[in-house]
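Reviewing the structure listed below.
Residue numbers (the working numbering): 3 to 978.
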């Protein structure tokens, strides 16, 4: 693999050098407004890499430039300028300050607009604004960067993320935003096989007027990703980084000596079960990691006609739990030629990804907390691969005692592998009619296919379960998925006097298919054996329409409509109508503000729209479905055992609908040196889909997905971007964003509470609730009573209803996992060739339930079934004995607000170190990821991801999470 990488990189470098050509004038470059000379202006002969830069006096010289060739002048903060070389070889070039900030293109659904003309709540993040650091998955490029967007990523290598825009809009249907890459809508948030280096920009569509064009898939917002395209000028980039990661924090448990003393005091009869070692099991399962990433990309024209970009990436990401590994190889190709004087444009995007993973069981983190610290990791007499295990020798053989297993052995003896091949791409053709150039006909076809092959293996000398002899484990599985999309649009744009119009109509088709199989455990004769599955195909059809009307460049109106159909619902509920309207008033263009020296941009926006929701549920709930029973579920017919069939639950679901009303203000001050936006919105979700109880005998299960209620989300967003310093050799730009969210369940069917948030410690316990008048996933706890010294009293709770009995009627709702306020801050500082950037994120008002302490920090758990088990030292603060007496206590519910520095980088750029080429640079940089976290939360990490059917992105239950490492980074960016 390494030789292949070097060969490929060398080939790309060699081929690129052969394509450079030499050309040749003199002159001076000035600022048009002031007449001041501009030093450091880049001048390149278009279509080549030959060029130079202006000196301190703004002067330049290029030799051997031919008449008719084009010189391109580029300077930060100024509009690019092109000049055709004629007989005049002594040029005076004037550059104007760029209006790029207002004219910046924003990609929206089935088209694009500009910052100036946007009527909805849309935010664009370009490559220069993206988060820097140890970026393995694409979504982390915008982490903490956009108001209202929250991204939670675990510490597992290459792990995906939970993304929530404005808090989500559902209870049990999907709360994931729709992700669209180069016009191809994806299924779910599946970005860990995408090379982040290929991404050119993100557009985040937040309000319903902007997302309504996606109809039934836009309820949770839309993230549109545009990848980098080919260019006429040739360039070559090579990026390399190496990362050193380590999990620094530990849950405090008793060490070997303290554990021996504790057992002698609390369980003197069990002293004989103790060992003589002093093992820190957390240290044993955590490891320092070394990870590398290589990325090579080349851009230019092939056949002097087709702008092309080719990118290759190799990522080898080592996890910080023993055996965890994520390796990825990406190849992406884009071609974007145009023909017939730009009447015909073709955009081809194709990506291949090979992802190889070895999964480490994060549950072994809890096992490391529980395992007896007086026992060694290895035992030379052990029949289990030399690993120590609690065993009992019997005449029938050696059995492992019931209790927690050696976590190091569980990791090293478990080989859980996955090899995934994913390919996706899109072909889009735009044709501007020759006979009617105001009309553009567009056709786009794309696909996303993934094939995963997985296997698991445990050797014969690894424990199966505590009553069996050891048979090990071996098996494999495959999963295949295919997402196909086709859409066609007609776009008419024209200007009639003071009216500028843009109309679009279109058709969209998308289908999803999935299938797979599993061998089961081939070594276990009682296993179910080989099984297959095929998902019910899902088909989505949409008819779309949009109108943009602008009057006098000051009054803007956008209307969206989409009629959607989905096969997920029965025939009577299959179709839905969705749409939105937005109005914007460019107040800064009015006479009373036109010449204002302070306010350079002021736009008032208002919008209303309705989206649907149908993602996150199976496609056959409305059908009569049957499944086979197990081997114990048979009947005899004619003397032959017949396997029974069991009916599955049914539910005649209909669309969730999300109506959003919003008012916003975009502003720019002091010639847009300070800019930003303020948004206030309200989202109302009706016909919520939730997994709720049903009456006995009314269905084939006691819970089923059904439409049961309404949810309201109120929010405020604030964003400010500021060029604090903008000088020739010194630039400092900062971005700050703040979000306030208030979520409340307005209605549930029959006013019925819905339990959620299952926890460890006992059987069937839950800690959260859906209840009218409260936020989703609110914690449902007893109010702890304390003695005069402030120490919690075991099993003593407040009688909140005053009936003299402590029961579930005395539980109350306190806090929820979602923050009331979230903040993001990004700083980019440049001094001459030095650059420094860092990101901060803060979350205020979010609560976390410490299930590590609630489920483990009790003295009774010193007995771990048939063996001894360690417990957290936090038990010394409570002296609690029984888990069942305290597990629902609000004592374990903590304010998990935090301030985190996600990353910091420092770099230095060497400009033109290779004199042979007109434009080249080498940037050397170093940085740190997960720099610090300030919090009062007692657990390892206050930022907790969601799981199971708790669907609001970070369910706040701290049980078994893959810890986030602190990572030190070194890298280089080489450009030609």
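Note that beta-carbon positions come from the ideal geometry of N, C-alpha and C, so glycine has one too.
Note that the structure is a prediction, hence the values are computed from the model and not measured.
Counting the other CB atoms within 10 Å of its CB gives residue 731 a total below 16, which places it among the exposed residues. Apart from sequence neighbours up to five positions away, the residues of its chain that approach residue 908 with a beta-carbon distance below 8 Å are 836, 837, 838, 927, 928, 929, ordered along the chain. Rounded to the nearest angstrom, the Cβ distance from residue 316 to residue 345 is 40 Å, too far for a contact under 8 Å. For residue 409, the enclosing alpha helix (DSSP H) covers residues 409–414. Ranked by how close their Cα comes to the Cα of residue 236, the residues 272, 922, 964 have 922 in first place.
By the Cβ rule, the stretch 275–282 counts as touching the stretch 251–267, because three or more pairs are nearer than 8 Å. DSSP links residue 711 through a beta bridge to 750. Non-local C-beta neighbours of residue 457 in its own chain, meaning closer than 6 Å and more than five positions away in sequence, comprise 419, 478, ordered along the chain. Judged by their CB atoms, residue 390 and residue 378 are nearer to each other than the 8 Å cut-off. Annotated as proximal: residue 197 and residue 334, with beta-carbon spacing under 8 Å. When DSSP reads this structure, residue 642 sits in a beta bridge with 639.
Within the DSSP bridge table, the entry for residue 174 names no partner. Judged by their CB atoms, residue 525 and residue 474 are nearer to each other than the 8 Å cut-off.
Pairwise C-beta distances place the stretch 575–588 in contact with the stretch 603–619, as three or more of them are shorter than 8 Å. The residues 76, in chain order, have a CB closer than 6 Å to that of residue 82 in the same chain once the five nearest residues on each side in sequence are set aside. Exclusion of the five residues before and after residue 30 leaves 39, 56, 59, 60, 61, 62, 93, 94, 95 as the residues of its chain whose Cβ lies within less than 8 Å of its Cβ.
Setting aside the 5 residues that flank it on each side, residue 215 is surrounded in the same chain by 111, 112, 546, 548, 562, 564, each with a C-beta closer than 7 Å to its C-beta; the list follows chain order. With fewer than 16 other CB atoms across the displayed protein chains lying within 10 angstroms of its CB, residue 116 is exposed.
If only uninterrupted beta strand (DSSP E) runs of at least 3 residues are considered, those enclosed by the stretch 716–778 are 732–750, 756–760, 768–772. The Cβ atoms of residue 282 and residue 967 lie no closer than 8 Å to each other.
Taking residue 745 as reference, the option from 685, 202, 513, 190 with the minimal CA-CA separation is 685. Annotation for residue 857: the continuous alpha helix (DSSP H) segment containing it runs 853–858. Annotation for residue 666: 123, 607, 679, 680, 681 place their beta carbon closer than 7 Å to its own, counting only its chain and skipping 5 residues before and after. Counted as a single uninterrupted DSSP element, the beta strand (DSSP E) harbouring residue 202 occupies residues 201–207. In this structure the stretch 355–363 does not lie against the stretch 218–229, because fewer than three pairs of beta carbons, one per stretch, are closer than 8 Å.
Around the beta carbon of residue 936, fewer than 16 other beta carbons lie within 10 angstroms, which makes this residue exposed. In this structure residue 777 is not in contact with residue 787, their Cβ atoms being roughly 26 Å apart against a cut-off of 8 Å. Here residue 290 really is in contact with residue 248; their C-beta atoms are around 5 Å apart, less than 8 Å. Distance between residue 374 and residue 274, taken at the CA atoms: about 13 Å.
Inclusion of residue 219 and residue 715 in the CB contact set at 8 Å is not warranted, their separation being larger than that value. Of the candidates 50, 398, 601, 501, the residue whose Cα lies closest to the Cα of residue 556 is 501. For residue 372, no beta strand (DSSP E) run applies; the uninterrupted alpha helix (DSSP H) run containing it begins and ends at 366–372, by DSSP. A straight-line Cα-Cα distance of about 52 Å links residue 763 and residue 910. Nearest neighbour of residue 413 by Cα position, chosen from 118, 462, 362, turns out to be 362.
Put simply, the backbone Cα of residue 192 is about 36 Å away from that of residue 306. Residue burial is scored here from C-beta neighbours: residue 98 has fewer than 16 other C-beta atoms within 10 angstroms and is therefore classed as exposed.
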